[in-house]
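Residue numbers (UniProt numbering): 1 to 277.
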Amino acid sequence: MHAKTDSEATSLDASWPPRSPRRPVYYVQSPSNHDVEKTSYESSPTGSPAHHYSQCSPVHHSRESSTSRFSASLKNPRNLSACKHVQLRHEGEDDDEEVDGHDDGRGKVRLAYKPEISVENMVFENFYVQAGSDQSGVPTDMLSLNSTVKISFTNPATFFTFHVTATPWELSYFQLKVASGQMNKFTQSRKSKRTLVTVVSGHQVPLYGGIPVLTDAFAHQNSVSVPLNLTFTMRSRAYILGKLVKTKFYRRIRCSVALRGDMLGKPLSLTNSCTYQ
1 MHAKTDSEAT SLDASWPPRS PRRPVYYVQS PSNHDVEKTS YESSPTGSPA
51 HHYSQCSPVH HSRESSTSRF SASLKNPRNL SACKHVQLRH EGEDDDEEVD
101 GHDDGRGKVR LAYKPEISVE NMVFENFYVQ AGSDQSGVPT DMLSLNSTVK
151 ISFTNPATFF TFHVTATPWE LSYFQLKVAS GQMNKFTQSR KSKRTLVTVV
201 SGHQVPLYGG IPVLTDAFAH QNSVSVPLNL TFTMRSRAYI LGKLVKTKFY
251 RRIRCSVALR GDMLGKPLSL TNSCTYQ
């Protein structure tokens, strides 16, 4: 082998095609939350605030590396929690969702307009205990009673109406249900209040010795006193933007009342005898 002369080196260099200039390196950086909100706000014709769900878009810059995306999410964990919250609200949304006071700022606004429910009184019109038999022919004492319950419902909201329904109202002695009733559904307009009465009654309810104090009750009716529990759930639903945005409130109500033979036909106050959950 021999060393190349200057003329050979010159001819070789001339035979190779010229090198293209090195391309400049470009870096793509995602805008910060402040920039996104500022841009959205300024570009909007009405100056509306940026939507939070815009930060949850699954589309990323094609040249952005996975490492930079991961590090950016760690720097701003608020975005992750917001995205997770929005996804859970859409995927786990249920028509039976309850408003219990543990919610975001919008939930606090809704709770400010929750309906006000108060059980006022209950009237036992009459009750009868007589010998009989159940559907299978077993002899036992049978109880029949009639009563009414009065409640008040207030809608304090200034811009939406409540559509109100309820579960069956049940009157029971411990685990033994002795009477029931169904409240009529109604619609309560904004900034209004109403009082409604629901009939709770039982007919030929077999006792099977479950209420000993009612044995021979006809002979000592005035001295009869039976502790009972009235339970039901009120369900109030409001449509704020048509059926697009809806708010629901559930109220579980439990009242302690005594069936007294000497108070038949008289209202028994339940103002301080009920719990609301």
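Here a beta-carbon is modelled for each residue, glycine too, at the ideal position from N, C-alpha and C.
Exposed unless 16 or more other CB atoms sit within 10 angstroms - verdict on residue i
| i | result |
| --- | --- |
| residue 215 | exposed |
| residue 127 | buried |
| residue 230 | buried |
| residue 247 | buried |
| residue 256 | exposed |
| residue 138 | exposed |
| residue 109 | Per-residue confidence for residue 109 stands at a pLDDT of 46, beneath the threshold of 50, marking its modelled position as unreliable; the derived number appears in the next sentence. Under this definition residue 109 is an exposed residue. |
Nearest-angstrom Cα separation, counted from residue j out to residue i
| i | j | result |
| --- | --- | --- |
| residue 200 | residue 240 | 33 Å |
| residue 156 | residue 195 | 15 Å |
| residue 186 | residue 219 | 43 Å |
| residue 166 | residue 133 | 32 Å |
| residue 210 | residue 152 | 33 Å |
| residue 207 | residue 245 | 48 Å |
| residue 85 | residue 190 | Caution applies to residue 85, whose pLDDT of 39 falls short of 50 and renders its modelled position unreliable; the model cannot decide the point. |
| residue 263 | residue 124 | 8 Å |
| residue 297 | residue 159 | Residue 297 lies beyond the range of the chain shown here (1 to 277); nothing can be said about it. |
| residue 174 | residue 143 | 15 Å |
| residue 170 | residue 217 | 22 Å |
| residue 78 | residue 236 | No answer about residue 78 holds up, because its pLDDT of 49 lies below 50 and its placement is not dependable. |
| residue 188 | residue 254 | 23 Å |
| residue 198 | residue 270 | 14 Å |
| residue 120 | residue 266 | 13 Å |
| residue 212 | residue 272 | 28 Å |
| residue 258 | residue 172 | 11 Å |
| residue 193 | residue 146 | 27 Å |
| residue 154 | residue 116 | 5 Å |
| residue 130 | residue 136 | 17 Å |
| residue 243 | residue 249 | 16 Å |
| residue 221 | residue 118 | 30 Å |
| residue 141 | residue 202 | 14 Å |
Residue nearest to residue i in terms of C-alpha spacing, selected from the options
| i | options | result |
| --- | --- | --- |
| residue 234 | 205, 277, 143 | 277 |
| residue 181 | 211, 195, 149, 157 | 149 |
| residue 275 | 142, 238, 232 | 232 |
| residue 268 | 113, 191, 122 | 122 |
| residue 178 | 136, 163, 221, 226 | 226 |
| residue 114 | 164, 120, 137 | 164 |
| residue 184 | 253, 228, 168 | 168 |
| residue 161 | 249, 238, 242 | 238 |
| residue 176 | 131, 221, 228, 136 | 228 |
Contact belief for residue i with residue j at Cβ below 8 Å, rounded distance in angstroms
| i | j | result |
| --- | --- | --- |
| residue 224 | residue 260 | 7 Å |
Complete beta strand (DSSP E) runs within the segment 160-243 (minimum length 3 residues, chain order): 162-166, 169-173, 176-181, 186-188, 192-206, 225-239
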